[in-house]
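Here it is as structure tokens:
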């Protein structure tokens, strides 16, 4: 438990760690937490529209059953949501498209089964954009209902930001966890590529797809990552010395809003004042082509993944997707696809060297604040390169932009240094969180 | 068309390329080919047991519909089978386990949809071992019914070897395409990791899973690979000069049967006599640990992938799997898993250098002939290292062992050199096929 101060917060605002600790000690019922989350949803869902599916009565009955048999485990009694491209046994999974309306898998995705095994309670399915691509669902940004929450894990981010659940699972193929975390003012984590199983999760572009975790504390991200990795949770380490941070403006720097550039420059200075060793880092020049390579690879793969839908349901696919990623992919030559994959592999090796002297890199999470208009979140690409490098990434809600909306900062580390990333992220978050 | 000589063969013995060419020219009906394949199945299935599901009447009706509307494309009128861990819209997909008996996906896997888009006719689902692991299905080796066909793509290999279909899709996580191809005397191809989409295919161990293609000619493998890559087929290149071949005995050499070692040594000499530049190649010493790393990674991932089955259906899982890969995986620490992944990544880079001077490496495909007893095919590991390296591999039916059973040889190339691999494979096959 973080301390008794948390006890004054409404139950739906508690962290997953605090909920599980209290449930495991017998001081809190799963039903009480679940009702608090459901009450928040009842109050806000009409505006926020974060959920593709939930069933209040079934959730309360499940929570009561948890309490009867004594829920235990690292997520004991923790309500969680999962993006609606992730299969679950007793709810529909519709991928954000009318083509799969009513689709009902017979089993849980690995990540859902692992969450339940750890004691978590699946509250419902969160809104995804169509096929986890750009065409938006109905979700609004909880900080300003005229603005987008970002996508494609729109509902997962909005639900966590609006205190409907403490944690939710999303996915990332482009910036689908990083971007909505930044826009919604919460923490978003993209794991090292390949670590967390995707069985039962809709494939989009298998060469870059990962799960994503949306949460409100770094400790909850670390806890949930261990649950999804299927290992005993390990507490986030306390740093023995201030971290070595590389400030990486990237080749996309000029595409950021001026205010976001200023916020990041300030953050780098503030971190140095806090004792971090902060130095500017240049990406290797070949990495300038990573955003283009990402577009090539994801387009090519998307247009193969969804062959069945293309062949049988073309007119039910949005024009955004048909004219965008699918058009790109269907016209891409195998040679171009292969060149992009070779470039990505080369840049992964080069980036290992670039990051060797740093615990983390500090970089942008999005081009700026969430735009007005819930259906236009794509904007200037700033995260594709990190997705392509397969590195772990965490987005922290450090700033407020000129309109008072949240703006995140992204920290990335070398592949498989996820635990080290969490330790630095908590250090940074404690010092700079707005 | 390969030549008029093929016309004397029964239709079920034709290659996919010849079938599609004749159908596209209007000289052959899909119905005639389908009936020939079904007749072969009717004659032999009682013994071979290659199929988890097929429906004779539905297949004939589908073929007639193809003929009515004029099937066209690179697989026009070609009947194909797919391993029963690959989803298809109007047939069950049961993963070789009673837990998922009657499971009926609502859509085609990407590879099935791509095959159909190219004009292919899905004849049925081929037998897989339980969850594509070791516990066998009922399939027998068509060359000797007392022997195993190998696994886990048992039915796909047996069906192609027994002339029930010209091509079939399998998968590979360990040696699940390489091994049954060798045991059944056909061609097995494992693509460069990550190239062919796995959407709608049961995940086993995502870090190494790929599709596999089983066929009887190198040209058919190349054709089907282009279909599954979603690109216009390109004919296999004719080599301008004899290939540079590295003969790689690997660290598992002593585990091979003596007769298999002799066959491979002879093949290396014969290829040199045919003009190939053949030289011995040593694997980097660290690659000696790849087989162990493969066991670690696949065990760890398998035990997470199937969390839902472990939690809800433990007693319906075979003891082979429970006491084998799942026990390994559930007791594996995340540190050990990470060490294995780091080793694999290091060896991939090292193997690029090892292969730089060769068009392909020649190596073993299995430890020897298919053993007697249809339920014991695992044997000494000889292919795990190549699976871990993510390299493309093709197994050619070059030899006969002391019992007169087929023994394959494996050729591997650098990642993304699949087309070059095909060109060398055809050159080798033309010179050495038994």
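Residue numbers (my numbering), protein chains in the order written: chain A, 3 to 436; chain B, 3 to 436.
Where is the CB? At the ideal position from N, CA and C, for every residue including glycine.
All figures in this text were calculated on a predicted structure; none of them were measured in a lab.
#1: Could you pull the start and end residues of the beta strand (DSSP E) that residue 369 of chain A belongs to?
#2: Closer than 8 Å by beta-carbon distance: list the chain B residues that pair up with residue 191 of chain A, in chain order.
#3: Which of the residues in the region 296-308 of chain A, read from start to end, lie with their CB under 9 Å from any CB of chain B?
#4: Return the residues of the region 101-120 of chain A that lie within a Cβ-Cβ distance of less than 7 Å from chain B, sorted by chain order.
#5: Per DSSP, which residues does residue 437 of chain A bridge with? Please list them.
#6: Taking Cβ-Cβ distances below 7 Å as the criterion, which residues of the region 398-422 of chain B are in contact with chain A?
#7: May I ask you to verify whether the region 55-73 of chain B touches the region 142-149 of chain B, counting CB pairs closer than 8 Å and requiring at least 3?
#8: Contact criterion: CB-CB distance below 8 Å. Does residue 223 of chain A meet it with respect to chain B?
#9: For residue 313 of chain B, which residues in chain A fall below 8 Å Cβ to Cβ?
#10: Would the beta-carbon of residue 213 of chain A fall within 8 Å of that of residue 173 of chain A?
#11: Which same chain residues, not among the five before or five after residue 383 of chain A, have their C-beta less than 7 Å away from its C-beta?
#12: Within the 8 Å Cβ cut-off, does residue 127 of chain B reach chain A?
#13: Comparing C-alpha positions only, which one of B:105, B:304, B:260, B:358 sits nearest to residue 332 of chain B?
#14: Taking the CB atoms as reference points, tell me whether residue 135 of chain A and residue 155 of chain A lie closer together than 8 Å.
#15: Tell me the DSSP secondary structure of residue 164 of chain A in three-state form.
#16: If contacts are defined as beta-carbon pairs under 8 Å, then residue 107 of chain B and residue 318 of chain B qualify, I think. What distance do you get, rounded to the angstrom?
#17: When the cut-off is 8 Å and only beta carbons count, does residue 251 of chain B lie next to chain A?
#18: List in chain order: all unbroken alpha helix (DSSP H) runs of 4+ residues lying wholly within the region 274-341 of chain A.
#19: By the three-class DSSP mapping on this structure, what secondary structure does residue 135 of chain A have?
#20: Could you tell me whether the region 262-279 of chain A touches the region 223-240 of chain A, using the rule of 3 or more Cβ pairs below 8 Å?
#21: Would you please verify whether the beta carbon of residue 199 of chain A is less than 8 Å from any beta carbon of chain B?
#22: Please tell me whether residue 340 of chain B has its Cβ less than 8 Å away from any Cβ of chain A.
#23: Measuring only the C-alpha atoms, how far is residue 295 of chain B from residue 392 of chain B?
#24: Would you kindly report the start and end of the unbroken beta strand (DSSP E) that includes residue 172 of chain A?
#25: Does the region 42-60 of chain B touch the region 155-165 of chain B, meaning 3 or more C-beta pairs lie closer than 8 Å?
#26: Measuring straight from C-alpha to C-alpha, what distance separates residue 29 of chain B and residue 36 of chain B?
#27: Which runs of the beta strand (DSSP E) at least 3 residues long sit entirely within the region 188-230 of chain A? Give them in chain order.
#28: What residues in its chain sit with their C-beta under 7 Å from that of residue 34 of chain A, if we drop five residues either side in the sequence?
#29: I'd like the span of the alpha helix (DSSP H) that includes residue 43 of chain A, first residue to last.
#30: Output needed for residue 178 of chain B: all residues of its chain with C-beta closer than 7 Å, excluding positions within five of it in sequence on either side, in chain order.
#31: Of all the CB atoms in chain D, is at least one closer than 8 Å to the CB of residue 233 of chain A?
#32: Could you compute how far the alpha carbon of residue 256 of chain A sits from the alpha carbon of residue 347 of chain B?
#33: For the 8 Å Cβ check, are there 3 or more pairs between the region 398-410 of chain A and the region 311-331 of chain B?
#34: Compare the C-beta of residue 132 of chain B with all C-beta atoms of chain A and state if any pair is closer than 8 Å.
#35: If the cut is a Cβ gap below 7 Å, which residues of chain B does residue 205 of chain A touch?
Per the coordinate set shown:
#1: Neither: residue 369 of chain A is in no beta strand (DSSP E) and is coded neither H nor E.
#2: Neighbours of residue 191 of chain A on chain B: none; closest Cβ ~16 Å, over 8 Å.
#3: Those would be 302, 303, 305, 306, 307, 308, in chain order.
#4: 105, 108, 109, 110, 112, 115, 116, 119
#5: Lying before the first or after the last residue shown, residue 437 of chain A is absent from chain A, which here runs from 3 to 436.
#6: Listed in sequence order: 418.
#7: The region 142-149 of chain B and the region 55-73 of chain B do not touch, with fewer than three beta-carbon pairs separated by less than 8 Å.
#8: no
#9: What residue 313 of chain B touches in chain A: 115, 118, 119.
#10: yes
#11: Contacts found: 254, 293.
#12: No, residue 127 of chain B does not count as interfacial toward chain A.
#13: B:304
#14: no
#15: coil
#16: At roughly 20 Å, the Cβ-Cβ gap does not stay under 8 Å, so residue 107 of chain B and residue 318 of chain B are not in contact.
#17: no
#18: 292-307, 309-315, 329-332
#19: Note: residue 135 of chain A maps to coil in three-state DSSP.
#20: no
#21: Output row for residue 199 of chain A: interface = yes.
#22: yes
#23: 14 Å
#24: First-last of the beta strand (DSSP E) with residue 172 of chain A: 169-174.
#25: Flag = yes, the region 155-165 of chain B and the region 42-60 of chain B touch.
#26: 15 Å
#27: 189-192, 212-217
#28: 13
#29: 32-50
#30: 134, 153, 154, 155, 172, 214
#31: Within the model displayed, chain D is absent; protein chains A and B are what it includes.
#32: 34 Å
#33: no
#34: no
#35: 199, 200, 201
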